[in-house]
Amino acid sequence: MEKKQSELCLEILTRFHNAGILDNFILIGSWCVYFYKDYFSNVPYIDQATLKTRDLDFLINDPSKIRNKVDIPELLKDLGFVTIFNRSKGYIKLDHPNLILEFLVPEKGKSINKPYPLPKLGLNATPLRFLNFLSSNTIKIRMKGFYLTLPHPANFALHKLIIFQRRLKKEKAIKDRNVAIEILKILINKGESSIIKNVFNSIPQKWQKKIREGLKESEDREILEVLK
Amino acid sequence: MRGVIKGVLAEELENSLRMKKEYDEVLGKLPKGCISIKKIKGHEYYYLVKREGKKVKHIYRGKISGKEKKKYEEAKILRAKYRQLLSQVKKQIRFLRSSLRGKEAI
């Protein structure tokens with residue numbers, strides 16, 4: 001399934017690129033870990049070490065910048081994707097046995113708990129807190145004929161350390177924390193401790209406190225040293 | 001508490017069960033049967049071929065528009081695709097259920 005998943009993922013990215021919308025998206029979530037292998041090509045890195053789910057999440061940082069009108073459900077229909085509509089909350093997802101596509105936007109201001117409409121893309125997005133932190137520092141990974149935007153691994157990991165404490169499911173929280181620690185350790189190994197430190201210093205003190213608290217539970221001294 | 005792996009598998013099972021329901025629904029919504037063209041004495045005659053119970057029925061449709069013809073052609077392709085994916089989902093459900101049966105917290 002792993003190979004089928006990666007092939008399908010690449011096909012989706014290629015179609016988004018050809019339709020001229022990929023540049024509006026930042027890939028977030030557990031699939032980032034898979035694509036970070038290029039960024040970490042000079043240090044030991046095993047993307048399989050982290051559990052990757054079927055969720056392929058795209059962050060749209062600024063929906064008003066989308067210029068092309070592309071009906072995404074129609075674009076992916078022949079691949080077998082079906083559009084699901086959450087009856088109670090109204091969120092739209094695209095389901096396939098190998099991947100589940102979801103679109104997210106940063107939640108600004110008062111929480112409204114309603115989907116954000118994306119009429120140009122023929123779907124809607126889920127607004128979530130703290131996503132600005134992921135889009136504030138990104139990297140570009142070279143793919144076959146195009147570039148894919150991902151959050152910088154430092155932002156990805158520190159973001160996970162903030163949100164894992166808000167998770168309702170304990171096992172998901174542990175998974176998030178473990179991924180974050182793995183990525184931070186690899187960054188330190190790559191000699192990018194200063195980047196972690198800079199990103200950490202750029203965030204509000206309340207968040208910094210949350211991150212430290214999250215790390216204390218795992219007693220990871222190496223990372224705590226960097227964040228001192 | 002379940003282990004991390006079991007937590008992920010349980011979530012994936014929920015997703016697969018949802019998908020099974022969805023694929024059943026979309027398959028039910030597709031137009032039934034497919035269009036068959038018979039050539040008799042140089043003339044083309046369109047029939048809708050569909051299964052009714054154990055019987056396969058050929059229903060004469062007269063001349064049909066290109067749009068309708070395309071609709072049935074697309075439905076045929078999608079039906080095959082959805083059936084293949086539904087079978088994949090069913091396999092996933094069996095695998096995930098058996099993986100979650102063990103008592104160990106992994």
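Just so you know, the protein sequences line up as chains A and B, in that order.
With the first letter of the first sequence counted as 1, position 80 gets the number 80 in the UniProt record's numbering; the numbers rise by one all the way through.
With the first letter of the second sequence counted as 1, position 20 gets the number 20 in the UniProt record's numbering; the numbers rise by one all the way through.
Glycine included, every Cβ here is placed at the ideal spot set by N, Cα and C.
Legend entry - Completely contained alpha helix (DSSP H) runs for the segment 26–105 of chain A, where each covers 4 or more residues: 31–39 and 72–75
Legend entry - Distance between beta carbons of A/L79 and A/E7, contact taken as under 8 Å: Actually they do not touch by this definition, with Cβ atoms about 11 Å apart.
Inset, instruction - Kindly indicate which three-state DSSP category B/R97 falls into: helix, strand or coil? - result: helix
Legend entry - Contacts around A/R15, its chain only, beta-carbon distance under 8 Å, and the 5 residues preceding and following it disregarded: L75 and L76
Inset, instruction - Note down, in chain order, all residues in the segment 73–89 of chain B with a beta-carbon under 7 Å from any beta-carbon belonging to chain A. - result: K81, Y82, L85, Q88 and V89
Legend entry - In DSSP terms, what A/L118 is bridged to: A/L123
Legend entry - Where A/L150 falls: helix, strand or coil (DSSP): strand
Inset, instruction - Give a yes or no on whether 9 Å exceeds the smallest Cβ distance from B/S98 to chain A. - result: no
Inset, instruction - Could you work out which residues of chain C lie near B/Y23, taking near to mean beta carbons separated by less than 7 Å? - result: The structure shown contains no chain C; its protein chains are A and B.
Legend entry - Bounding residues of the alpha helix (DSSP H) (the contiguous stretch that carries B/K55): First-last for B/K55: K55 to G62, but that is the beta strand (DSSP E), not the alpha helix (DSSP H).
Inset, instruction - State yes or no: is the C-beta of B/L86 within less than 9 Å of the C-beta of B/Y23? - result: yes
Inset, instruction - Show which residues of chain A have a CB atom less than 8 Å away from the CB atom of B/E12. - result: T53 and R54
Legend entry - Proximal chain A residues relative to B/V49, where beta-carbon distance stays under 9 Å: Under the 9 Å cutoff, chain A gives no residues; its nearest Cβ is about 23 Å from B/V49.
Legend entry - Contacts around A/N24, its chain only, beta-carbon distance under 7 Å, and the 5 residues preceding and following it disregarded: I60, K65 and I66
Inset, instruction - Check the DSSP bridge columns for B/Y82 and list the partner residues they point to. - result: None; B/Y82 has no bridge partner.
Legend entry - Contact set between the segment 153–178 of chain A and chain B, restricted to residues whose Cβ is under 9 Å from the partner: K169, K170, E171, K172, I174, K175 and N178
Legend entry - Minimum Cβ-Cβ distance from B/V56 to chain A less than 9 Å: no
Inset, instruction - Tell me whether the beta-carbon of A/Y39 lies closer than 9 Å to the beta-carbon of A/I196. - result: no
Legend entry - Chain-order list of residues whose beta-carbon lies under 7 Å from that of A/N98 (same chain, five-residue window excluded): M1, K4, Q5, L8 and R54
Legend entry - B/R51, buried or exposed, once every other Cβ within 10 Å from all chains shown has been counted against 16: exposed
Legend entry - C-alpha gap between A/I72 and A/G122, whole angstroms: 6 Å
Inset, instruction - Examine chain A for any beta-carbon lying closer than 9 Å to the beta-carbon of B/R18, and answer yes or no. - result: yes
Inset, instruction - Measure the Cβ-Cβ separation of A/I21 and A/N68 and say whether it is below 9 Å. - result: yes
Inset, instruction - State the Cα-Cα distance for the pair A/Q165 and A/E225, rounded to the nearest angstrom. - result: 21 Å
Legend entry - Bridge partners - A/L128, DSSP secondary structure assignment: A/P106
Inset, instruction - Determine which residues of the segment 91–120 of chain A have a Cβ less than 9 Å from any Cβ of chain B, and write them out in chain order. - result: D95, H96, P97, N98 and I100
Inset, instruction - Kindly say whether A/D38, judged by its beta-carbon, lies nearer than 9 Å to any beta-carbon of chain B. - result: no
Legend entry - Candidates A/H159, A/L27, A/L184 and A/T149, of which the one nearest A/A173 by Cα: A/H159
Inset, instruction - Could you check what DSSP says for B/R18 in three-state terms: helix, strand or coil? - result: helix
Legend entry - Between the CA atoms of B/G3 and A/F58 - distance to the nearest angstrom: 28 Å
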